[in-house]
Structures are given as structure tokens and as C-alpha cells.
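Report on one structure; see the data block that follows.
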Amino acid sequence: MIASRPVTLSYEGCVRGAQYCLPVLPGTIAFGAVFGTVAAQKGLTLLETILMNSFVFAGASQFVAMEVYTAPMTWAVVLAMTGVVAAVNMRMLLIGASLRPWLGQVPSLQTYPALFFLTDINWLIALREYDRGERDWGVYLGSGLFLWCIWSLAVLPGFFFGSLVSDPKAWGLDVVMPAFFIALLVPLWKGKRQTVSWFVAGGIAVLTWYEFGGYWGILTGAVSGALAGAYLDD
18 MIASRPVTLS
28 YEGCVRGAQY
38 CLPVLPGTIA
48 FGAVFGTVAA
58 QKGLTLLETI
68 LMNSFVFAGA
78 SQFVAMEVYT
88 APMTWAVVLA
98 MTGVVAAVNM
108 RMLLIGASLR
118 PWLGQVPSLQ
128 TYPALFFLTD
138 INWLIALREY
148 DRGERDWGVY
158 LGSGLFLWCI
168 WSLAVLPGFF
178 FGSLVSDPKA
188 WGLDVVMPAF
198 FIALLVPLWK
208 GKRQTVSWFV
218 AGGIAVLTWY
228 EFGGYWGILT
238 GAVSGALAGA
248 YLDD
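Throughout, my numbering is defined as the position within the sequence shown, counted from one, plus 17.
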């Protein structure tokens, strides 16, 4: 049986993981460049921008933090940033749990450092390949490392040319990542039963945003979709 195959880690698996990221490379670069633009407009230095981008490595959460950020910083701002970023990143609890069947067999000294490189994109890639029978978790690690390198460098053009893109929405850059997420979801579709949980997640997220605003819809949508999927899954 496929599930009984041993879990491995190889250089070849890491290379395959990086290759799987190539289709989303333009979107990742554009998204990172937009963050560089936002950081520059908020008054962050180049060093601060690079450090935040590389050590936080949280995509959407970084944009949320920049919306709340003001200078000089106060404890109220710090608490507000912590709260909204935590709300956005709550989905990582569910995402990480879904990787347990694969990474749960890997020694903790390897697993927990590798989880730093967990993103929505390489999670989708890892989950897709695991369902296809892949057991070399280098696919997950390689895709995460590759995305981290690209993301860390992508802020540079956005930071230096931020003055030329005063309104990212005018260039349509705000829809780049949603479009790629939708494209990545297509291979994960397995039938109508799964579609129900997807619609539940999307509907609850939109309703939460409409009623309360902010970013709580990410959390409510993820939890409601997971519950719906758990009840509908055979």
C-alpha cells in the first residue's frame, strides 16, 4: 500500500519541489515587490524591510502588519499588530495539522525547523504530491526553501522603485496571489462532496468580512470549511 512506504529526504526531492514552484514564480515575485513598495512608503529602511521579509516570511500577514504600523511605535500599535497578524496566521494551525501524516514520521529536530518554510503555496504542492503517492518530503522542504529565497529577494525592486507604484491596486497587483491560489486549488478538487466544504468556507469568510470587516474571515472560513469537510468526508 502507498501509505506503508517509508518517508525519505533526498536532494532530488528538494529539486523537484523547487521545480514545482516555477509556475507561481511570477506571482511570488510580483507579490514580494509590492510588499517592498508598501514597506518603503511606510518609512522602513532597506535593512528593516529585508529583515522583516526574510525572518517573518508570512506573506499576507506582512501586509496586514504594515496597514496597522505607525511610527513611532506604541504599545497599543504593537498589540494591534500582534492581534491582526495572529488572526491571519491562525490558518497555519490547520495547514500544519494536515501535514502530520507525512512530516509526523520525520524526527522533530528536522520537522520543526522545516516548518518555518511553510506557506500556502508549498503546502498545496506538498499535499498534492502526497496524495499522488510521493513520500520524499524533500518536495516540501525544497519548495519552501526556494520560495523563501525568491521572496527574500523580491522586495528589492519594489523597495527601490516604490515611488513609481504609488497605488498597487491601479496595476492590478492586489489580485495576483488570489489568482494563483485559485489555480493551485484546481488539482486538489476531488468531486462535488469536497466542493460543498469549499463553498462553506468561502461563504462564511465573506459573511464574516461583510459583518465585521478586518481579517477574521480567514479564521472563520478555515474552521468552518474544515468542520464541513470532516462531516462530509468518507
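We put the CB at the ideal spot given by N, CA and C, even for glycine.
Assuming residue i and residue j make a contact with CB atoms under 8 angstroms, what is their CB distance in whole Å?
i	j	result
Gly122	Val240	For the record, residue 122 in the displayed sequence is Gln; it is not Gly. About 27 angstroms separates the two Cβ atoms, so there is no contact after all.
Trp154	Leu120	6 angstroms
Gly159	Gly34	3 angstroms
Arg152	Arg22	5 angstroms
Val94	Thr87	6 angstroms
Have a look at the options and flag the residue whose alpha-carbon is nearest the alpha-carbon of residue i.
i	options	result
Ser169	Phe72, Arg22, Val32, Gly30	Phe72
Gly100	Ile46, Val81, Asp148, Ser160	Val81
Lys59	Pro43, Gly76, Met83	Met83
Leu61	Gly44, Cys38, Val172	Val172
Cys42	Gly161, Ala56, Gly238	Here the sequence assigns Leu to residue 42, which means Cys is not the residue at that position. Nearest option by C-alpha distance: Gly161.
Val223	Phe74, Ile235, Phe178, Ser214	Ile235
Ala104	Arg117, Ser115, Ser78	Ser78
Leu124	Asn139, Leu26, Tyr227, Val51	This sequence places Pro at residue 124; Leu is not what is there. Of the listed residues, the one whose Cα sits closest to Pro124 is Leu26.
Ala217	Val94, Gly242, Ile67, Gln211	Checking the sequence shown, residue 217 turns out to be Val, not Ala. Out of Val94, Gly242, Ile67, Gln211, Gly242 has the C-alpha closest to the C-alpha of Val217.
Val102	Leu64, Ala47, Gly76	Gly76
Phe52	Ile112, Glu228, Phe74	Phe74
Ala47	Phe178, Leu244, Trp140	Phe178
Ile112	Met90, Val94, Trp140, Leu126	Trp140
Pro40	Ser214, Leu68, Ile138, Tyr227	Ile138
Ala50	Asn70, Leu64, Tyr28, Ile221	Asn70
What does the Cβ neighbour count give for residue i, buried or exposed, with the cut at 16 atoms within 10 Å?
i	result
Met98	buried
Met18	Only weak support is given to the placement of Met18: the predicted model assigns it a pLDDT of 39, under 50, and the value that follows is read from those uncertain coordinates. So Met18 ends up on the exposed side.
Tyr248	exposed
Trp206	exposed
Tyr157	buried
Gly30	buried
Thr225	buried
Tyr129	exposed
Ala20	Note on Ala20: pLDDT 48, under 50, position unreliable in the model; no value is reported.
Gly150	exposed
Ala56	buried
Gly175	buried
Thr45	buried
Thr54	buried
Ile199	exposed
Thr66	buried
Mind the definition here: the segment 129-148 touches the segment 161-179 only if three or more C-beta pairs lie below 8 angstroms; say whether that holds. yes
For the segment 81-139, which segments carrying the alpha helix (DSSP H) assignment without a break, of at least 4 residues, lie completely within its bounds, in sequence order? 92-106, 108-115, 117-120, 125-131
Would the segment 102-118 and the segment 140-153 be scored as touching if the rule is three or more Cβ pairs under 8 angstroms? yes
Could you name each continuous beta strand (DSSP E) segment of 3 residues or more that falls completely within the segment 27-80, going from the start of the chain to the end? none
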